[in-house]
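J.:
In the numbering used here, the protein residues as written are 721 to 1590.
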């Protein structure tokens, strides 16, 4: 706005000749970025106002080395502009030492001035009213440079007393530096500025003209006025800043500067501009120096770019160092690399390369070259060295190069989204982790190595279907679990988003609407000590909060462990009729004598249903949409999976198991752990009718000869149960309790099955082979059951919770517990992996007890013939 202000002033003011004085340099620490306090003191008023930078964009996010080049370049443009339009340039120094960095700056300014002089001449030629000397020379004159050194320390008596000597010393030193650097020459018109040898050009300021601390200022003034000595007036010949600067200004306003040195006299160029001309030229030159490089001509832009590059010596050095360290760091990254590797390994190698790079790289270019190094490492990794990072269902990475599977290729025909170029076709191959697992078939009679599965179908179905062709279990009697039956070829997976609350309400309603189903099965309850019967009604003891499945399931009250200990070992096979009768007779004698060694009896009361049991509830399942995962308590109603992850097979008659020898023809069992545990259950029949047809005409085994109850028939059945765990190495063992591995020394089993029948069994258990090395976790894979030859059915209702809440509960999907045939050896094979709607449930690292087989899996149902229709 200076041009507008001058145009409004009086005509005489606009035509006044002026001497231009510029102040540059550095300010002291306490000067608050103001270096013109001495000038304001001379003028008697605050002429120079403070400028506060309000630009807070990228500079707040960058380091000093990154913005130092821009700051230096902007300062250099401002300095060159001041040297072109000033008569006197005052350089302020905050201390008594001359900054040698000025020498390099002056050389760059002079070189740039000579390159830009033709362009400056063209600009001045377009300004009306300028003299030819000013236009051809490109500046008012060769300006004089004055140096001001601030020394405001309190302990500066030595400097004050010898101030003149210090000034002379600094003058000689500065003049010598400038002459040796060829910044000043004999002909001042050929130099950036001139130094006057006939007048002082160095001034040391010892009195601070700025009140930096108001409290100290007034305190010192008060002490001065309280001094009893008369005040001494300032000597007229004392040298101050006003006399120092006015000596040069008066020469400029009178005859001009002539600072040439040498034998040959050269007429100097010196112009005193009017105020109007000065501001017009200043505006034109400012637009010229601060014009964006994109708007300049090609030649002019080259000059400015060279100027900037010459000032950026630190960046050039930094780029040279970084360029040298870049290949070294890249070689560190490529050292000992496999053919393909994961992103985690890639990140570790990149970190090693960056660490090596920072040992060689320096300066502001480090960040840009570090980014370039990372891009080159990423490019190298993505160019055929990426590994397929799909995790198997056991948590292992696929070791093949990045690829697509055949199923993905057939289904989508699209390349997996990745950083590899779209023109590169990814190969199609199955996943492979390189990990081999050892597993047994459905019946457990044959073991084989298996690939680490990547799909639920491969884990729970494909391997066991392959083993059926290699083992006799393919021809055994088995229970078929419900699976999806398509009615068309266009089948699709259903949306598995469910609402837990709705399923809970639905299950409760279904449960309440089927009382006969509940009454037709056994309620296992704990009897009191001494054989007193304590049977609780099942409807009153069932907890509705445990009803999570969508099917109608039978709820059984858990059996509490009895502490009965057998007085002698079992020496006979479980299904020899004569031995059974003998054992039961002995049991009758023990009962009459007060119970023998048995502290508690598990009694079972089976009542006849008031009405005929309803037909088996069958959900109306969809024939066009299948369940993509496994059946669990949160699965949508009416959907079935395409395959079953469970298996229930009958090995044959119960005589296949000998309690003296344990489980036979089952490889992989650890010695002493291949035994089933006996479970004695006292059954009380309360039928009003006759015995089942199977036992008509003879005494049912187990019925007491000496004593019968008034309200029914009571007998004891023996069931053999085993929970088998299998580790990835193929080691198998049974557990006698939720926290104990079965140990049968010399084939003598002392435990019974009460603990495993009445408690939740852990789904995962540390294998004994992990004691000598890395810990391996064995998984509950099979349930062994040997059913008795008695007028009852053993039922199975397995429910598995493979994770902590809110993990759903997995089940085979039958609407009611499975009735096992009498006098048979049954094996229930559990899923290898459990996958819900949100992915696979991996074994937790810290809470193995939260993964469990829920209690209530075992039950007993009466064998009742269908009522006759009248």
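Glycine included, C-beta positions come from ideal geometry on N, C-alpha and C. Owing to the predicted nature of the structure, the values given are computational and were not obtained by experimental measurement.
Pick out the complete alpha helix (DSSP H) segments inside the segment 961 to 1001, 4 residues or longer, and give them in chain order.
T.: Taking only runs of at least 4 residues, the alpha helix (DSSP H) segments lying wholly in the segment 961 to 1001 are 961 to 974.
J.: Tell me the DSSP secondary structure of residue 1345 in three-state form.
T.: Taking the first residue of the chain shown as 1, we reach residue 1345 at position 625. Three-state result, residue 1345: strand.
J.: If you compare alpha carbons, which of 1383, 842, 1395 and 1384 is closest to residue 1004?
T.: Start at 1 with the first residue of the chain shown, and residue 1004 comes out as number 284. Nearest C-alpha to residue 1004: 842.
J.: Compute the beta-carbon to beta-carbon distance between residue 1538 and residue 1374, rounded to the nearest angstrom, for a pair I have assumed lies under 8 Å.
T.: Locating residue 1538 in the chain shown gives position 818, counting from the first residue. Locating residue 1374 in the chain shown gives position 654, counting from the first residue. Rounded, the Cβ-Cβ distance is 17 Å, inconsistent with contact.
J.: Would you list the one or two residues that DSSP bridges to residue 1439?
T.: On the chain shown, position 719 is the one that residue 1439 refers to. Looking at the DSSP assignment, residue 1439 forms a beta bridge with 1399.
J.: Quick one: any contact between the segment 879 to 891 and the segment 839 to 854, if contact means 3 or more CB pairs under 8 Å?
T.: The segment 879 to 891 vs the segment 839 to 854: no contact.
J.: Using the Cα positions of residue 872 and residue 878, report the straight-line distance between them to the nearest angstrom.
T.: Against the chain shown, residue 872 aligns to sequence position 152. Against the chain shown, residue 878 aligns to sequence position 158. Cα to Cα, the separation comes out at about 12 Å.
J.: Measuring alpha carbon to alpha carbon, tell me which of 1001, 1168 and 1397 ends up nearest residue 1189.
T.: What you label residue 1189 is simply residue 469 of the chain shown in a count that begins at 1. Among 1001, 1168 and 1397, the Cα nearest to that of residue 1189 belongs to 1168.
J.: Quick check: what's the CA-CA separation for residue 786 versus residue 1084?
T.: In the chain shown, counting from the first residue as 1, residue 786 sits at position 66. In the chain shown, counting from the first residue as 1, residue 1084 sits at position 364. Approximately 5 Å between the Cα atoms of the pair.
J.: Taking contact to mean 3 or more Cβ pairs, one atom from each stretch, closer than 8 Å, check whether the segment 1350 to 1365 and the segment 1148 to 1161 are in contact.
T.: No, the segment 1350 to 1365 does not touch the segment 1148 to 1161.
J.: Please list the terminal residues of the continuous alpha helix (DSSP H) segment that includes residue 1181.
T.: As a working note, residue 1181 is residue 461 in the chain shown. Taken as a continuous stretch (DSSP letters only), residue 1181 belongs to no alpha helix (DSSP H), as it is neither H nor E.
J.: Do you know whose CA, among 1459, 976 and 1057, lies nearest residue 862's CA?
T.: Sequence index remark: in the chain shown, residue 862 carries index 142 (1-based). Ranking 1459, 976 and 1057 by Cα distance to residue 862 puts 976 first.
J.: Checking 8 Å against the spacing of the C-beta atoms, do residue 1469 and residue 1397 come in under that value?
T.: Position 749 of the chain shown, counted from the first residue, corresponds to residue 1469. Position 677 of the chain shown, counted from the first residue, corresponds to residue 1397. Contact flag set, yes.
J.: Taking 7 Å as the limit between beta carbons, can you name the residues of its chain near residue 1048, skipping five residues before and five after?
T.: Sequence index remark: in the chain shown, residue 1048 carries index 328 (1-based). Closer than 7 Å at Cβ, skipping near neighbours: 1076 and 1080.
J.: Should residue 1028 go down as buried or exposed, given a rule of 16 or more other Cβ atoms within 10 Å for buried?
T.: Translated into the one-based positions of the chain shown, residue 1028 becomes position 308. Result: buried.
J.: Going by Cα to Cα distance, which pick from 980, 1350, 1121 and 1465 is closest to residue 1558?
T.: Position 838 of the chain shown, counting from 1, holds the residue named residue 1558. Here the closest residue by C-alpha is 1350.
J.: Might you give, ordered along the chain, the residues of its own chain that have their beta carbon closer than 7 Å to the beta carbon of residue 1044, omitting 5 neighbours on each side?
T.: Translated into the one-based positions of the chain shown, residue 1044 becomes position 324. Only 1080 meet the Cβ criterion.
J.: Hey, is the segment 1570 to 1578 in contact with the segment 1383 to 1393, meaning 3+ C-beta pairs nearer than 8 Å?
T.: They do not touch, by the three-pair rule.
J.: Among all the DSSP beta bridges, which residues are the ones paired with residue 1459?
T.: The count along the chain shown starts at 1 and reaches residue 1459 at position 739. Answer is none; residue 1459 lacks a bridge partner.
J.: Kindly indicate which residue of 1451, 1527, 867 and 1125 has the alpha-carbon position closest to the one of residue 689.
T.: Because the chain is modelled from 721 through 1590, residue 689 falls outside the range shown and cannot be assessed.
J.: In the DSSP assignment, what residue or residues form a beta bridge with residue 1033?
T.: To locate residue 1033, count along the chain shown from 1; it is residue 313. Residue 1033 pairs with nothing; no bridge assigned.
J.: Thinking just about the alpha-carbon of each residue, which of 1114, 1120, 1068 and 1009 is nearest to the one in residue 1060?
T.: Mapped onto the chain shown, residue 1060 falls at position 340. That would be 1120, whose Cα lies nearest to the Cα of residue 1060.
J.: Could you tell me which uninterrupted beta strand (DSSP E) segments, each at least 3 residues in length, are contained entirely in the segment 774 to 823, listed from first to last along the chain?
T.: As far as the segment 774 to 823 is concerned, its whole beta strand (DSSP E) runs of at least 3 residues are 808 to 813.
J.: Report, in whole angstroms, the separation of the C-beta atoms of residue 1352 and residue 1556, which I expect to be a contact under 8 Å.
T.: Taking the chain shown and counting its residues from 1, the one referred to as residue 1352 is at position 632. Taking the chain shown and counting its residues from 1, the one referred to as residue 1556 is at position 836. About 6 Å separates the two Cβ atoms, so the contact holds.
J.: Can you tell which of 810, 1561, 1163 and 801 has its C-alpha closest to the C-alpha of residue 961?
T.: Reading the chain shown from its first residue, position 241 is the one you call residue 961. It is 810.
J.: Let me know the secondary structure DSSP gives residue 842 once reduced to three states.
T.: By one-based count along the chain shown, residue 842 stands at place 122. Residue 842 falls in the helix class under three-state DSSP.
J.: Any idea which residues DSSP pairs residue 1582 with across the strands?
T.: Along the chain shown, read from residue 1 onward, the residue named residue 1582 stands at position 862. Bridge partners of residue 1582: 1512.
J.: Opposite residue 1213 in the DSSP bridges: which residues?
T.: What you label residue 1213 is simply residue 493 of the chain shown in a count that begins at 1. Residue 1213 pairs with 1346.
J.: Kindly identify the DSSP beta-bridge partner or partners of residue 1454.
T.: For this step, residue 1454 is matched to residue 734 along the chain shown. Beta-bridge pairing links residue 1454 to 1444.
J.: Between the Cα of residue 984 and the Cα atoms of 1052, 907, 1014 and 1036, which residue gives the shortest distance?
T.: Start at 1 with the first residue of the chain shown, and residue 984 comes out as number 264. Comparing Cα positions, the closest option is 907.
J.: Taking the C-alpha atoms as reference points, what is the distance between residue 1161 and residue 1171?
T.: Here residue 1161 refers to the residue found at position 441 of the chain shown. Here residue 1171 refers to the residue found at position 451 of the chain shown. Distance between the alpha carbons of residue 1161 and residue 1171: 14 Å.
J.: Under a Cβ-count criterion, where at least 16 other Cβ atoms within 10 Å of its own Cβ denotes burial, should residue 1542 be classed as buried or exposed?
T.: Position 822 of the chain shown, counting from 1, holds the residue named residue 1542. Counting Cβ neighbours within 10 Å, residue 1542 comes out buried, since at least 16 surround it.
J.: Determine the direct distance from the alpha carbon of residue 802 to that of residue 1006, and round the result to whole angstroms.
T.: Stepping through the chain shown from its first residue, residue 1006 is reached at position 286. Stepping through the chain shown from its first residue, residue 802 is reached at position 82. C-alpha separation (whole angstroms): 10 Å.
J.: The beta strand (DSSP E) spanning residue 856 covers which residue range?
T.: Numbered from 1 along the chain shown, position 136 holds the residue referred to as residue 856. Note, residue 856: premise wrong, no beta strand (DSSP E); alpha helix (DSSP H) at 852 to 857.
J.: Under 8 Å between the Cβ atoms of residue 1504 and residue 1540?
T.: For the purposes of this step, residue 1504 is taken as the residue at position 784 of the chain shown. For the purposes of this step, residue 1540 is taken as the residue at position 820 of the chain shown. Against a cut-off of 8 Å, the Cβ pair of residue 1540 and residue 1504 comes out as no contact.
J.: How is residue 937 classed by DSSP in three states: helix, strand or coil?
T.: As a first step, residue 937 is located in the chain shown; it is residue number 217 there, counting from the start. Correct three-state label for residue 937: helix.
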